[in-house]
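Asker: Please read through the structure below; I'll follow up with questions.
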Amino acid sequence: MSKIIISINEKGIKIKSNPRYLWSEIQLEKITVKHTNNPDSRQQPVIESNYLYFFHNDEKTEIQIDDFDITDYQLAQVLKIFRTRYNNSGL
């Protein structure tokens, strides 16, 4: 189980016990994949890691999501749903 807890709702994104990042201050939220070389393994020379990525007040935030109990696709759908709800709320 991941030590990082993320809460996503119609107000924004909250990471651990930090203050909530509000949708009005978040830009370019998405799931990204980073590839890193693994020189110690011939079977898996490149390692893929999934991240939740966004800008908050022009500061980049990246959180590795591989250990979460949700797939990267599911998390991307949650982001899309709540971003759309926020955009349609007129706030």
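Residue numbers (the numbering used here): 893 to 983.
For every residue, glycine included, the Cβ atom is placed at its ideal position computed from N, Cα and C.
#1: In terms of alpha-carbon separation, which member of ARG977, SER981 and ILE955 lies closest to VAL925?
#2: Measure the Cβ-Cβ separation of ILE900 and VAL970 and say whether it is below 8 angstroms.
#3: In chain order, which beta strand (DSSP E) runs of at least 3 residues are fully inside the region 893 to 935?
#4: Classify LEU944 as buried or exposed, calling it buried when 16 or more other Cβ atoms lie within 10 Å of its own Cβ.
#5: State the DSSP-derived secondary structure class of PHE960, mapped to helix, strand or coil.
Answerer: In brief:
#1: ILE955
#2: yes
#3: 898 to 900, 904 to 907 and 918 to 929
#4: buried
#5: coil
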